[in-house]
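Input: a single structure, listed below in structure tokens.
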Amino acid sequence: MTIVLETKGLSKSFGAIKAVLDVSFVLHKAELLAMIGPNGAGKSTCFNMLMGQLKPSAGTVWLNGQNLAGLGPRQIWRMGVGRTFQITGTYASMTVAENVQMALISHHGRVFSILPYAHRLYRDRALDLLALVGMADQADRHCAVLAYGDLKRLELAIALAHEPSLLLMDEPTAGMAPRERIALMQLTADIVRDRGVSVLFTEHDMDVVFAHAHRVMVLNRGQLIADGTVEQIRTDPRVQEVYLGGGTLFNPAEESADA
Amino acid sequence: MNRKTFLKGLAGAAALAVAGLPAFAQDTIKIGEINHYKRMAAFAEPYKMGIELALEEVNAAGGVLGKPLEFIFRDDQGEPGEAIKIAEELMTRDGAVMLTGTILSNVGLAISSLAAEKKYLYLASEPLADSIVWASGNDYTFRLRTSTYMQAAMLAEAAAKSDAVRYATIAPNYAYGKEAVEAFKKVLTTLKPDVEFVTEQWPALFKIDAGAEVQALERSKPDAIFNVTFGTDLAKFVREGTTRGVFDGRTVYGMLTGEPEYLDPLADEAPEGWIVTGYPWYDVTDDANKAFVDAYQARFNDYPRIGSLVGYMTVLSIQAALEKAGSTETEALKAAFKGLELDTPVGPITYRAIDHQATMGAFVGTTALKDGKGVMVDWTYKDGADYLPTDEEVAKMRPAN
Amino acid sequence: MGFFIAQLLTGLANAGALFMVASGLSLIFGVTRIVNFAHGSFYMLGAYVGYSLMQVLPGMVGFWTSILLAGVIVGLIGVIVEICVLRPVYRAPELFQLVATFGVILVIQDLTLMIWGAEDKLGPRAPGLAGVVRIMGEPIPKYDLALLAITPFVALALWYLITRTRVGVLVRAATQDREMVGALGVNQSWLFTGVFFLGCALAGLGGALQLPKGGADLLMDFNILTAVFVVVVIGGMGSLPGAYLAAVLISVLGVFGVTYMPQSTLVLMFVIMVLVLMVRPYGLFGRPEVAGEHGQVGEPERPIKPAGAQVRMIVAAGLALLGLMPLYGSSFALVLTTDILIFCLFAASLHFILGLGGLVSFGHAAFFGGGAYVAALLVTYADTPMELAMLLAPLGAGMAAIIIGWVCLRLTGVYFAMLTLAFSQLLWSLVFQWGEVTRGDDGLVNIWPSSWASGTTVYFYLSLVICVGGILFLRHAAHAPFGYALRAARDSARQAEATGINTKRVQWAAFALAGAMAGLAGGLFVFSKGSVFPNELEIARSFDALIVVFLGGVKTLAGGVVGGVALEGVKDVLTRFEYWRLALGVLIIVVVILAPDGLVGTARKLAERTGLLRTPEDSK
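Protein chains in written order, with this note's numbering: chain A, 1 to 259; chain B, 1 to 401; chain C, 1 to 620.
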């Protein structure tokens, strides 16, 4: 299987605190990989290093065989990495379609163009993407009035605009109702299957993780303590210990406390 | 106008002031007057009152060219751009035949430039900048008031008579201050080549740090000081200087310091023994001047400032020019102003044909305290004609028309 | 050595009033997030009130009582202003309150003139402290020593109040998180009022304390305002120790500047500010701006669409009406309209970065005046023909904007605003004090159009074509990808960056474009007036544009232009009356309170409510 993303010995320390320590993993083509771990385990730091927002203290990141060292978010995006945020970041003053069109304009390198009307550029393509995430009927709504779940889906459409080979999703279902979560992850799984995109996501909701992930990594105190199939992770004693000090990973009470 | 009709006019005005003003007929000769009535109210108001007094007299005596003379007063907020707009309005919409006014030199320069471009006649009544008639002078601009150069030259003449050799200067850091210091240095060095200028202080206009300036002056140990600061800067400078004793044993030469506008706010803290230019209205004995002062006090129940005198003389000048021209046409007026001679409260003056500067002079005297108020004593009136550069120098400075 | 010490003491004494005004401004900003432009006016009021009290209360006790009372009275005036003017607009978009405080400046100026008259008041000497003390042979005024003692005392008292009392805890908490304090059950509006009282009382105290060193005059408000802004920004917005240190720094360096570089006293202060901010962007003790504190809080802007056929028809008809003006309007009407057109282009250029980019610039006049000066200098020194000068004016201003933008865009929000202010003041002070080249405040004169364009009508058409062209170009750019990217950077810089948009570069380009357009307006201006003076670069000119944009409506595309027409039109009428500043100030305050969305925004809402305009389905 083709390797899309590979990290070797990825580490990040802030002063004396080692936020991420020696994390190495691979992500294959068309794989849906979950990264889980308790709060403060280093997931966000990992993500930020992958996206170029943070510079690793040590280690390397390879995307489709290219070293990402020293590249910023914009360059990494141009190499085919899409991203969604834990807290959505959309353009509140634009319509839904224009939000996607903006990403397409950027993808085609026309950000500084001052001649054409922006709202006419790449509109068809934007509508296709919105259809993909099930938002075609809301294309001309004002983004500021969307429900949170719709914003998440819009963000997914934005992230897919430049046909990325890799999608990084930070807590994609945070703040959503349970039904919406399942729908969104199903959508993501479909995209992975239909388009061959690789997805790395972090998630608190274990239902979501175990229902959809092809593979799961567990991070604790900055270190990768487990990496395997859903079944392997579920029975891994170290993971059990990290999460619950021994209990099961399917504790409904724990889950609602997380949400 | 001779002295006699002049006095008759004054008497008429006094009568008018009591009787009240008759309504004027519609057909008047309009003069556009632009000033900083708001921003420099303390200076512009006496000036306006001087104009009003003169207008009442002129019109009581039958007006000019058979018509009443009327001034349209407009406030420009002290902004040159605004003044230009108002000037256009006055000339094209309100039917003014010429423009006058302004205290701030920059506004005067802006209007002067407009005057040359649009062929409007402009009498710069109060602005002091030398460039109005010299470096930026033009055919359509005339200036009434004793200019910076003339006043500085008068003080330099007085300074040359003293033993002082080491001079320090303090002047607001803008065009007027620079021109004054330059003129003072030039004239004094010509009269007395061995003088030395040991320090030049340039506080920002109306933002003086008086304590620091005084320390810097003291540090250079001058024999005498040439002061150009005015307004609030002057008040702060005088207070800090007196407190720290910088004026002890030193003669200070002060531009404009003797003008009531500047001297009176200082009240009992007015400096003593400074040699200054100004306007000792309380002391004038000359008939014409005394008549003006009396008429002014009778009319307004207030004493005249230098601005009042200039405003009064502005009207007289315009009246004389209109009569000489026999017309309100700009070109005729312009020709009339060149070399125009008239009598004023301070004596006869001439608008020089060579540079359009009037020969109005200034009172030079020594400051003293009297009844808790600053006054000028031992003063003399110096005719402005004697304190101008030679014609060759003037011709060199003035651009060819 | 004695001289050195004396200078130091003078500087420290000077720092007193500056610190008090600055700490008041800083305190108010820290808690209410309002940049109180009117703070200089409270300082002026303090001086006048103190002066009047000292006429009544005799002796040493009377003197000091007067100073204290002046502080209290000015504080109470501040409370009235806060309750009547600011309370109704706290919910308005942030920085909109600026406009209200600007209205307050105008009102206070005219009221002061009405009450105390035009003549400057010389402050009385402090009883018992009139003389000097000799320190190492140098005379030091006793009152300076008194100030030296009082200032740290006030600073300590403030520090105690803020750090050791319950009130202080609340104030500090509010500085950190306003909502949290509200949630804790503290009456937020009274906390704001209290802080306003304290801040204004400090300004009044500062004004009264400086009386023996000067007096009271009508120019005090603006004269101290820039210095206070500089101090607050160098110290860090909201930081009291910062304000103290910065006041001392500025004052002491100022005193040495007087001795060692007497010609450049104005430039020095702004150079220090720029240097400090380049090293420490948030001032000596400031904290980084929390994201989202821009001019765009509150209801998000609506999506924009190019004008429909109907609007285009109306605009075309309006333009045709303008174009035919020489047929029916007087010559003066053309002059006035030319003025308004130029001003509208200037305002529209500011609106481009402020409205679309959320970049609140306090120093946009730098580019308007900059363009005007570029043209004027070219004409004066190189006999450049008008056509070329008018082309180079926007280029020059654009270049300046590229340089200034490069520095300023490292900051956001209020710090960005302050840094732009510092740069424009730096430029102003350079033009003002570099007389050899710029002729200082005598300005550059005789800058008239080429002969073909010198007629009023021809120049009117020239301005019409360039200004309308410029405004339409800016409007089109707003609808183009570039304008969209600018909005994207404002709405969510994170998302924009994550989708490959270089937000800083977009903002930089927009800043340069806006600067160039302002420069174009400046070029037109100088040839219409025939002269240019430093006041075209002044803080007041920047405020003019800022107020116009806010009044017109930040969140509407037409805001700049409509505001420009409205304000210039109203000004032309009002300035014919004696107390026009009072009238204009009240008018501005009323508009701010009644139309918090600006003229265009509020008119649109009204039209929607009354059914004249279709309400978009999404805005509820």
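For glycine and all other residues, C-beta sits at the position ideal for the given N, C-alpha and C.
As the structure is a computational prediction, the values presented were derived from the model and not from experiment.
Per DSSP, A155/C is one residue of the alpha helix (DSSP H) stretching across 142-164.
Nearest CB-CB separation between A480/C and chain A: below the 8 angstroms threshold.
Collapsing the DSSP output to three states places H214/A in coil.
The beta carbon of M1/A sits closer than 7 angstroms to the beta carbons of H28, K29 from its chain, once the five residues preceding and following it are set aside; these are given in chain order. Rounded to the nearest angstrom, the gap between the Cα atoms of A493/C and T259/C is 48 angstroms.
With a threshold of 16 other beta carbon atoms within 10 Å, E241/A falls short and is exposed. Interface annotation, W448/C: in contact with chain B, CB-CB separation under 8 angstroms. Contact between the stretch 317-325 of chain C and the stretch 516-528 of chain C is not established, with fewer than three Cβ pairs separated by less than 8 angstroms. No Cβ of chain C is located within less than 8 angstroms of the beta carbon of P164/A. When secondary structure is reduced to three states using DSSP, Y279/B falls in the coil class, being assigned neither helix nor strand. Proximity of P139/C to chain A, defined by a Cβ-Cβ separation below 8 angstroms, is not satisfied. Secondary structure of Q240/A (DSSP, three-state): helix. Every alpha helix (DSSP H) stretch that sits fully inside the stretch 196-281 of chain C and reaches 4 residues is listed by chain position as 220-235, 240-260, 265-279. For R439/C, at least one C-beta of chain B is nearer than 8 angstroms to its own C-beta. Contacts with chain C at 8 angstroms (Cβ-Cβ) do not include P172/A. Nearest C-alpha to M176/A among D190/A, D170/A, Y148/A, V192/A: Y148/A. Counting along the chain, the unbroken alpha helix (DSSP H) around H476/C starts and ends at 456-479. Take the alpha-carbon of A60/B and the one of A115/B: they are about 31 angstroms apart.
For the 8 angstroms CB-CB criterion, I86/B and G108/B do not form a contact. Neighbourhood of E568/C in chain B, by CB distance below 8 angstroms: empty, with the nearest CB roughly 10 angstroms away. Following the DSSP letters along the chain, one finds S24/A inside the beta strand (DSSP E) bounded by residues 17-28. Taking 9 angstroms as the cut-off between beta carbons, the residues of the stretch 522-537 of chain C near chain B are F525, S528, K529, G530, S531, V532, F533, P534, N535, E536, in sequence order. A Cβ-Cβ distance of about 7 angstroms is found for the pair A514/C and A401/C, placing them in contact under the 8 angstroms criterion. Residues are counted here when their Cβ sits less than 9 angstroms from a Cβ of chain C; for the stretch 95-110 of chain B these are L104, S105, N106, V107, L109, A110, given in chain order. For R110/A, the C-beta contacts it makes with chain C under 8 angstroms involve P481, in order along the chain. In the DSSP assignment, Y381/B forms a beta bridge with F363/B. With a beta-carbon spacing of about 7 angstroms, S330/C and T92/B fall inside the 8 angstroms limit used to define contacts.
With a cut-off of 8 angstroms on Cβ pairs, the stretch 589-601 of chain C is in contact with the stretch 96-114 of chain C, counting three or more such pairs. Ranked by how close their Cα comes to the Cα of M397/B, the residues A135/B, D286/B, Q77/B have A135/B in first place. Within a 10 Å sphere around the beta-carbon of A376/C sit 16 or more other beta-carbons, which makes this residue buried. Nearest to I182/A by alpha-carbon distance, out of D227/A, S198/A, E163/A, D205/A, is D205/A.
One alpha carbon belongs to V431/C, the other to A124/B, and they sit about 25 angstroms apart. Taking the C-beta atoms as reference points, W202/B is found nearer than 8 angstroms to Q263/C.
At a cut-off of 8 angstroms between beta carbons, Y243/A makes no contact with chain C. Membership of G71/C in the alpha helix (DSSP H) is indicated by the continuous run 59-81. The three-state reading of DSSP puts Q77/B in coil, since its state is none of H, G, I, E or B.
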